[in-house]
Each structure stands twice: as C-alpha cells, then as structure tokens.
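Counted the way the numbering used here counts, the sequence shown spans residues 630 to 775. No residue lacks a Cβ here, since even glycine has one placed at the ideal position from N, Cα and C. If you're wondering where the values come from, they're calculated on a predicted model, not measured in any experiment.
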Amino acid sequence: TIDYGYSAERYYLPARHQGTLQCYYQHRHHDDPYWNVGQQDITAHVNFTALERQGELCGLQKVGFTKQALFLMALGLGNRLTALSAFDEVRGQAIATGKDVLTIMQRRQVLHQLIDPMGLGGFGVLVQSKGLTEEEGKIELKGLVG
C-alpha cells in the first residue's frame, strides 16, 4: 500500500481533531465535502496501523514500512538522477539518454517530485505478504533496505 497516511500514534494527534478528510476541486484544497458534490475529489489519510492490523486478521504479515522517498532511493532512484545529470556539453545532450537540457531538467523535476518529503516522497509504503516460507520471509526487499 502506497498512500498518504500515518501510524495510529500520529494519526490521532490532537492537531488532527477534525480528521484527515480533504477535498480538491481544480487542484485547490478545501474541507467541505458538500460543496461541488460529484465534481470534486474527496480523500482521507490512511491509518497504517489499522491497515496493518486488518491485514494480520486476514493472514498478512508486515514485511516493512517506510516512506516513498526512502523506498525509491533504496531502489536506485538516486543513481538515475545522477545519470540524468551527466551532460555532454560538446554535443549538447545528456550522456545517458541523448536528450536536450530542457528535457533532462523536466525529467529530473518529475523524479524530484516523487521524493519530495513534503509531497509524494512523504507517502507511506506498507509492504505485507502472505504465504511466504520462513526462508522467503528472511529475504530483505531492496526498497526496504536502507
């Protein structure tokens, strides 16, 4: 599961006494689910502790939990960003892809959005499994190793 959310400890902090319901209309945030009914997106943060417990009731075991930024960096996103930065000034192209500077900068910006801790990088990543052998359960997943 990859989504916005918190552990129960953080989910139920007094600062969130009104819950985590959020509404979006034309990329703008507000908190009235009865405004523009049917025309807006309504979402709420995930309680990862509750999700983990419900998974256990269904026979799932927690493999690990981390943030998306750390998960993607452990999978090699940092290396990809470095490769995109390698630029051949003589040819005016990126060494790895042969793309121009503007294209490279746009691609880097998109990748940076995925790891921004105040944005998508702050998503929680909960990995659960079912039916693994004891030996399989001991294998560390690359994205969860840091």
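For Q743 and W664, I'd like the C-alpha separation in whole angstroms. To locate residue 743, count along the sequence shown from 1; it is residue 114. To locate residue 664, count along the sequence shown from 1; it is residue 35. Position check: residue 743 holds Leu in this sequence, whereas Gln was assumed. So the alpha carbons of these two residues sit roughly 30 Å apart.
Return the residue from the list Q757, G748, G707, E764 that minimises the CA-CA distance to L686. Translated into the one-based positions of the sequence shown, residue 686 becomes position 57. Among Q757, G748, G707, E764, the Cα nearest to that of L686 is on Q757.
Determine the contact status of V754 and T695, defining contact as a CB-CB distance below 8 Å. Taking the first residue of the sequence shown as 1, we reach residue 754 at position 125. Taking the first residue of the sequence shown as 1, we reach residue 695 at position 66. Yes, the pair counts as a contact, with Cβ atoms nearer than the cut-off.
Determine whether the beta carbon atoms of A679 and T649 lie at a separation below 8 Å. Translated into positions along the sequence shown, residue 679 becomes position 50. Translated into positions along the sequence shown, residue 649 becomes position 20. It is not a contact, given that the beta carbons lie outside the stated cut-off.
Output needed for D670: all residues of its chain with C-beta closer than 8 Å, excluding positions within five of it in sequence on either side, in chain order. Residue 670 sits at position 41 when you count from the first residue of the sequence shown. Cβ neighbours of D670 beyond the five flanking positions: C652, Y653, Y654.
Cβ-based neighbour list, L704, same chain, cut-off 8 Å, excluding 5 preceding and 5 following: Against the sequence shown, residue 704 aligns to sequence position 75. Here the set comprises K771, G772.
Using DSSP's beta-bridge definition, name the partner residues of C652. Within the sequence shown, residue 652 is the residue found at index 23, counting from 1. H659, I671.
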